[in-house]
Amino acid sequence: MTDHDTSYKFLFAHAEMVRDLLLGFMDSGWVRNLDLASLEKVSDGYVSDDLRARHNDALWRVRWKREWVYLYLMLEFQSKVDHYMPLRVLTYTGLLYQDLLRSEALEETGRLPPVLPIVLYNGRKPWRASTDLNDLIQQVPEALKPYQARQKFLLLDLGIQVGEGALRERNLVAAVFAMETSVTEEDMLRASSCLVNWLEGAGQAHLQQGVLEWLRRRGPRLDSQVPWQEIHNLREAHSMLEDRVRVWKAQFRREGLLAGREQGSTTEARNILLRQLRRRFGEVPAEIEIRLNSASREQLEDWIDRVYEVETVEAVFD
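In the UniProt record's numbering, the protein residues as written are 1 to 318.
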């Protein structure tokens, strides 16, 4: 599990986050039949080392009408599409069933429980790969089709799911995802403000800590210049972001980007871009500096416009 995945593990170890995920991002009537008060994280005693090593703290169960439904949340927050994700889901589902059999955790009927695999994707480009294992298997004679493995998963593409109205209602997952996918400083501040307001008050300390841990791990990707490890509470984090936004705007004004587009030289545009890249992402790789040295002023200005619209330094040049 990557550090990115681990940062979300702290969030989705809380029933409130899983509940908001279901209520805010599942466009299905069956969710209304869930007893969300029954959300229960599956004990490590029911999960083998093999499954735990893959996705710790990602397995929940909840009652649907009178039955338990296992919600296997695979926190695959990756920047690239995995074309073989249906196969991975099939493997995880099989491991879960084996563990339930081993631990004798089945209901009295002896039948295996239903599983809802959910894949959370936050890559910059839309997910284009299939969510159905059947699409990965080569064509077989009609007589053999009933014997092929079957598996689908529910995909939540954050770039599509998090829209303009995502923060109109209280939903912690929507606010976190809005920060993750924000393309402007105003978007980030709006989401941060929601988190501060929604998590104030008694009984929210455990969730605040989970969000803080997420910020400490993910913050450097949002803004490498903010001292995320020194933040002690969400209001302090929001204040730091407000300060950074004021600095960003002042720097843009001082550097005269608008004037530079009409009058600035190639050297000035290159220096401006380098400063913006270092403030946004930290140290700039040597190969990128070489690329800047051979770029035209028009190309440099196009890249300047993209610095605060993407998540990685490489994406500026895509």
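We treat Cβ as the ideally placed atom computed from N, Cα and C, and that holds for glycine.
When the Cα of Glu268 is compared with those of Ala295, Phe153, Glu242, Gly24, which residue comes out closest?
The option with the nearest alpha carbon to Glu268 is Ala295.
Taking all protein chains shown into account, decide if Trp30 is buried (16 or more other Cβ within 10 angstroms of its Cβ) or exposed.
Trp30 comes out exposed.
So does the stretch 151-164 actually touch the stretch 77-94, counting three or more Cβ pairs closer than 8 Å?
At 8 Å Cβ cutoff, the stretches touch.
By a C-beta neighbour count over all protein chains shown, 10 Å radius and 16 as the cutoff for buried, is Ser7 buried or exposed?
The residue is buried, with at least 16 neighbouring Cβ atoms inside 10 Å.
Whose CA, out of Gln225, Val69, Arg270, Gln299, lies closest to the CA of Lys41?
Residue Val69 is the option with its Cα nearest to Lys41.
In whole angstroms, what separates the C-alpha of Trp228 from that of Ser239?
One C-alpha to the other measures close to 12 Å.
Report the rounded CA-to-CA distance for Glu242 versus Ala205, giving the unit in angstroms.
Their backbone Cα atoms lie some 23 Å apart in a straight line.
Nearest to Leu158 by alpha carbon, out of Ser28, Ser103, Glu180, Ala58?
The shortest C-alpha separation from Leu158 is found at Glu180.
Apart from the five residues just before and just after Gln148, which ones in its own chain have a Cβ nearer than 8 Å to its Cβ?
Excluding residues within five positions, the ones whose Cβ falls inside 8 Å are Asn134, Ile137, Val140.
Would you say Arg19 and Leu36 are within 7 Å of each other, going by their C-beta atoms?
Cβ distance < 7 Å, so Arg19 and Leu36 count as in contact.
Have a look at Glu262 and Asp305 and give me their C-alpha separation to the nearest angstrom.
Confidence is the limiting factor: at Glu262 the pLDDT is only 48, short of 50, which leaves the residue's position unreliable and the question unanswerable from this model.
Compare the C-alpha of Trp127 against each of Asp82, Leu144, Thr184 and name the closest.
It is Asp82 whose Cα lies nearest to the Cα of Trp127.
Roughly how many whole angstroms lie between the Cα atoms of Leu101 and Glu186?
Roughly 50 Å between the two C-alpha positions.
My guess is that Val211 and Leu189 are in contact by the Cβ rule of under 8 Å, so how many angstroms apart are they, rounded?
At roughly 15 Å, the Cβ-Cβ gap does not stay under 8 Å, so Val211 and Leu189 are not in contact.
Quick check on DSSP: helix, strand or coil for Pro220?
Reduced to three states, the DSSP call for Pro220 is helix.
Kindly list the residues whose CB is nearer than 6 Å to the CB of Gly282, restricted to its own chain and excluding five residues on each side of it in sequence; keep chain order.
So the list reads Ser224, once near-sequence residues are dropped.
Just to confirm before moving on: does the CB-CB distance between Arg246 and Val226 stay below 7 Å?
For Arg246 and Val226, no; Cβs fall outside 7 Å.
Pro117 and Tyr72 look like a contact to me (Cβ under 8 Å); what is the Cβ gap, rounded to whole Å?
Sure, about 5 Å apart at Cβ, within 8 Å.
Taking the continuous alpha helix (DSSP H) assigned at Ser38, which residues delimit it?
Careful: Ser38 lies outside any alpha helix (DSSP H), inside the beta strand (DSSP E) at 34-41.
Using a Cβ-Cβ cutoff of less than 7 Å, which residues in the same chain neighbour Thr91 once the five nearest sequence positions on both sides are dropped?
Answer for Thr91: no residue qualifies.
Buried or exposed: where does Ile272 fall if 16 or more other Cβ atoms within 10 Å of its Cβ makes it buried?
Label assigned to Ile272: buried.
If you count every other CB in all the chains shown that lies within 10 Å of the CB of Ser182, and 16 or more means buried, which is it?
Counting Cβ neighbours within 10 Å, Ser182 comes out buried, since at least 16 surround it.
Could you tell me the alpha carbon to alpha carbon distance between Asp57 and Thr266, rounded to whole angstroms?
The predicted model places Asp57 with a pLDDT of 46, which falls under 50 and marks its position as unreliable, so this point remains unresolved.
Can you name the start and end residues of the alpha helix (DSSP H) that Leu158 belongs to?
Counting along the chain, the alpha helix (DSSP H) containing Leu158 begins and ends at 158-161.
If you follow the alpha helix (DSSP H) that Ile304 is in, where does it begin and where does it stop?
Looking at the DSSP string, the run of the alpha helix (DSSP H) that includes Ile304 is 297-306.
Which stretch, first to last residue, makes up the beta strand (DSSP E) that contains Trp228?
Run containing Trp228: none; DSSP gives neither H nor E here.
Looking only at its own chain, which residues have a Cβ that is under 6 Å from the Cβ of Arg280, when we skip the five neighbours before and after it?
So the qualifying residues of the chain are Val307.
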